[in-house]
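Undergrad: Structure provided below as structure tokens; questions to follow.
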Amino acid sequence: PHVVEFRSVTKTYNPGGGNEFTAIRDVTFVVQDLVDKGEFVGILGPSGSGKSTILRLIAGLRPQFPPTSGEVLVFGRPVERPGPDRGMVFQDYTSFDHRNVLDNVAFGLECRGVPRKVRYEVAREWIANVGLSVAKDQYKYPHELSGGMRQRVAIAQTLILRPRIILMDEPFGALDPMTRMNMQDLLIDLWRRTQATVFFVTHSIEEAVFLSDRIYVVSNSPGTILRELTIEPSDRPS
Ligand code: ADP
Ligand code: ADP
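Residue numbering for the sequence shown follows the UniProt record's numbering, starting at 40 and increasing by one per position.
Next up, the structure:
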């Protein structure tokens with residue numbers, strides 16, 4: 040089956056209410072399962088064009104988040120709830136303030152009942168994988184970290200569970216330009232190693248072109264896919 044398929048998906052918030060709002064209308068696309076390699080899919084559009092709504096539909100984030108009409112399929116099945124095949128990274132740092140880096144990164148394994156020694160061992164590998172220092176950073180708390188470091192923790196926290204689909208909602212939107220460039224390089228490097236399919240929401244054209252194999256350009260009012268762009272390596276700024 041396809042990794043993700045949208046079939047004429049429309050999502051209306053508060054249907055029938057006074058503040059009814061159609062965030063996306065009639066969105067159709069397919070992201071295929073390529074052997075041994077997930078695609079990096081950029082979702083590019085202005086604020087309010089329904090980008091996050093598309094991600095939330097794939098994630099099944101809230102218990103009641105079905106499309107208003109149409110179908111959202113993940114690995115061929117309608118999305119009903121979040122699952123271990125999908126991991127999410129948000130713009131605002133989602134680590135727990137009262138947990139240190141090690142316990143934040145190990146959190147998902149803890150929830151799965153992985154014994155402490157094993158989960159700390161795996162978490163330390165991931166702390167290193169995202170470019171943090173085990174020696175210097177593992178016992179720090181989020182308030183002692185820079186924005187870029189906190190996003191590294193958030194990425195480790197998500198990737199340690201090895202999701203096949205990684206959903207990223209403007210993960211670098213709050214970072215300064217230099218930090219953002221470093222994070223983009225890190226993400227590409229990690230993605231090549233994970234073989235996961237990535238959906239990356241951004242309103243930066245440069246960021247979408249730099250990162251993506253393919254870009255869906257979303258327009259406003261209501262959100263529809265305006266066009267689909269395939270980025271060849273030769274199109275990329277070097
Ligand atoms: P984007 O990620 O492109 O900024 P969103 O998917 O977050 O867009 O939102 C698309 C539109 O849907 C926005 O205009 C937003 O105000 C509206 N919207 C989002 N969530 C809700 C909600 N829970 N209730 C009502 N309207 C919402
Ligand atoms: P495997 O690749 O088969 O999981 P590892 O040597 O990587 O083997 O890990 C040893 C143990 O640690 C496994 O039995 C598994 O329970 C646990 N483990 C390692 N990585 C993860 C992970 N990302 N998610 C859940 N459990 C993990």
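Backbone N, C-alpha and C define an ideal beta-carbon position, used for all residues, glycine too.
Identify which residue in Val-192, Tyr-178, Arg-155, Ile-205 has its Cα closest to the Cα of Asn-168.
TA: For the purposes of this step, residue 168 is taken as residue 129 along the sequence shown, with counting starting at 1. Of the listed residues, the one whose Cα sits closest to Asn-168 is Val-192.
Undergrad: Counting pairs of Cβ atoms below 8 Å between the segment 231-247 and the segment 75-87, do you hit three or more?
TA: yes
Undergrad: Would DSSP call Ile-205 helix, strand or coil?
TA: The residue given as residue 205 occupies position 166 in the sequence shown. Residue state, collapsed to three classes: strand.
Undergrad: Count Cβ pairs between the segment 57-64 and the segment 261-271 that sit closer than 8 Å; are there 3 or more?
TA: Short answer: they touch.
Undergrad: Using alpha carbons as the reference points, say which of Glu-271, Leu-100, Val-113, Ser-243 lies closest to Phe-68.
TA: Position 29 of the sequence shown, counting from 1, holds the residue named residue 68. Selected option, being the one with the closest Cα: Val-113.
Undergrad: For the pair the segment 43-53 and the segment 107-123, tell me if three or more CB-CB distances fall below 8 Å.
TA: Between the segment 43-53 and the segment 107-123, the count of C-beta pairs closer than 8 Å reaches three or more; the two stretches touch.
Undergrad: Is the separation between the beta-carbon of Trp-97 and that of Ile-270 shorter than 8 Å?
TA: As a first step, residue 97 must be located in the sequence shown, where it is residue number 58. As a first step, residue 270 must be located in the sequence shown, where it is residue number 231. In the sequence under discussion, the amino acid at residue 97 is Ile, which differs from the Trp named in the question. No, these two residues do not count as a Cβ contact at 8 Å.
Undergrad: Compute the Euclidean distance between the alpha carbons of Asp-224 and Arg-189, then round it to the nearest angstrom.
TA: Taking the first residue of the sequence shown as position 1, residue 224 is located at position 185. Taking the first residue of the sequence shown as position 1, residue 189 is located at position 150. Distance between the alpha carbons of Asp-224 and Arg-189: 16 Å.
Undergrad: What's the gap between the Cα of Val-257 and the Cα of Leu-265?
TA: Taking the sequence shown and counting its residues from 1, one reaches residue 257 at position 218. Taking the sequence shown and counting its residues from 1, one reaches residue 265 at position 226. If you take the alpha carbons of Val-257 and Leu-265, they lie about 6 Å apart.
Undergrad: Does the distance between the C-beta of Ala-235 and the nearest non-hydrogen atom of ligand 1 fall short of 7 Å?
TA: Translated into the one-based positions of the sequence shown, residue 235 becomes position 196. Ala-235 Cβ: outside cutoff for every heavy atom of ligand 1.
Undergrad: When a residue counts only if its C-beta is closer than 5 Å to some heavy atom of ligand 1, which residues count, in chain order?
TA: Qualifying residues, in the order they occur: Tyr-52, Phe-60, Ala-62, Ser-86, Gly-87, Ser-88, Gly-89, Lys-90, Ser-91, Thr-92.
Undergrad: What separation, rounded to the nearest whole angstrom, lies between the Cα atoms of Leu-229 and Val-248?
TA: Counting from one through the sequence shown, the residue named residue 229 turns up at place 190. Counting from one through the sequence shown, the residue named residue 248 turns up at place 209. Going from the Cα of Leu-229 to the Cα of Val-248 covers about 18 Å.
Undergrad: Under 7 Å Cβ to Cβ from Ile-227, same chain only, skipping five residues before and after it: list those, please.
TA: Walking along the sequence shown from the start, residue 227 turns up at place 188. The residues are Leu-250.
Undergrad: Which of the three DSSP states, helix, strand or coil, is assigned to Tyr-178?
TA: Taking the first residue of the sequence shown as 1, we reach residue 178 at position 139. Of the three classes helix, strand and coil, the one that applies to Tyr-178 here is coil, per DSSP.
Undergrad: Would you check if the distance between the CB atom of Gly-187 and the CB atom of Met-220 is smaller than 8 Å?
TA: As a position in the sequence shown, residue 187 is number 148, starting the count at 1. As a position in the sequence shown, residue 220 is number 181, starting the count at 1. No, the pair does not count as a contact, with Cβ atoms beyond the cut-off.
Undergrad: May I have the straight-line CA-CA distance separating Lys-175 from Pro-105, to the nearest angstrom?
TA: The count along the sequence shown starts at 1 and reaches residue 175 at position 136. The count along the sequence shown starts at 1 and reaches residue 105 at position 66. Going by C-alpha positions, Lys-175 is about 44 Å away from Pro-105.
Undergrad: Name, in chain order, the residues that DSSP records as bridge partners for Lys-50.
TA: As a first step, residue 50 must be located in the sequence shown, where it is residue number 11. The partner list for Lys-50 (beta bridge, DSSP) reads Ile-63.
Undergrad: Assign Ser-134 to one of two classes, buried (16 or more other C-beta atoms within 10 Å of its C-beta) or exposed (fewer than that).
TA: The count along the sequence shown starts at 1 and reaches residue 134 at position 95. It counts as buried.
Undergrad: Looking only at its chain, what residues have a beta carbon closer than 7 Å to the beta carbon of Gly-147, apart from the 5 residues adjacent to it on each side?
TA: Residue mapping note: residue 147 aligns to position 108 of the sequence shown, counting from 1. For Gly-147, where only same-chain residues beyond five positions count, the Cβ hits under 7 Å are Gln-196, Ile-199, Leu-200.
Undergrad: Quick one, which of Phe-211, Asp-142, Met-127 has its alpha-carbon nearest Val-173's?
TA: Within the sequence shown, numbered from 1, the residue matching residue 173 stands at position 134. Ranking Phe-211, Asp-142, Met-127 by Cα distance to Val-173 puts Asp-142 first.
Undergrad: Using only the alpha-carbon positions, how far apart do residue 308 and Arg-231 sit?
TA: Missing from the structure shown is residue 308; the chain here goes from 40 to 277 and no further.
Undergrad: Would you mind giving the Cβ-Cβ distance between Gln-130 and Pro-210, rounded to the nearest angstrom? I have them listed as a contact below 8 Å.
TA: By 1-based counting over the sequence shown, the position of residue 130 is 91. By 1-based counting over the sequence shown, the position of residue 210 is 171. Contact flag correct, Cβ pair sits at about 6 Å.
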